[in-house]
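Mind the numbering: the sequence shown is residues 78 to 169 in the working numbering, read in order.
For every residue, glycine included, the Cβ atom is placed at its ideal position computed from N, Cα and C.
As the structure is a computational prediction, the values presented were derived from the model and not from experiment.
Written out below as structure tokens is the structure these notes cover.
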Amino acid sequence: MLDGIAEQLHQQAEYAIDQLSRVADGRDQYRHRSTDGVLQLTGPQIDMLLARRGDAVRHLTGLCHAFKALSQATAAPAPAVRRAPARRPNGL
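Structural data, given as structure tokens:
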């Protein structure tokens, strides 16, 4: 899950960087009364992917902590069992 989100985020970021680099370098084609909406399109998608990645990282971190706690609990040796002396019935 996290790999897929990271890949989508990478693709969207690369697309935005490429498009904005064209503007910064003066390689974009000016279109009168028209915009590509690069930030309107990619901005919300990148924000959503960042939020999903953050949620996935928090979930994975929680799973790792739970696994660590469980593995430490099962790795601890069981307490030694002491035999109690057998009780004798009353009157004997």
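query	result
Between Thr-119 and the rest of its own chain, which residues show a CB-CB distance below 7 Å, the 5 nearest in sequence each way excluded?	Gln-89, Tyr-92 and Ala-93
Flag this pair as yes or no: are the beta carbons of Gln-96 and Val-115 separated by less than 7 Å?	yes
Quick one, which of Gln-117, Ser-98, His-136 and Asp-105 has its alpha-carbon nearest Leu-172's?	Nothing can be reported for residue 172, as the shown portion of the chain is limited to 78 through 169.
Which ranges does the alpha helix (DSSP H) cover as unbroken runs of at least 4 residues, wholly within the region 82 to 169, from first to last along the chain?	115 to 152
Out of curiosity, what's the CA-to-CA distance linking Ala-150 and Pro-166?	40 Å
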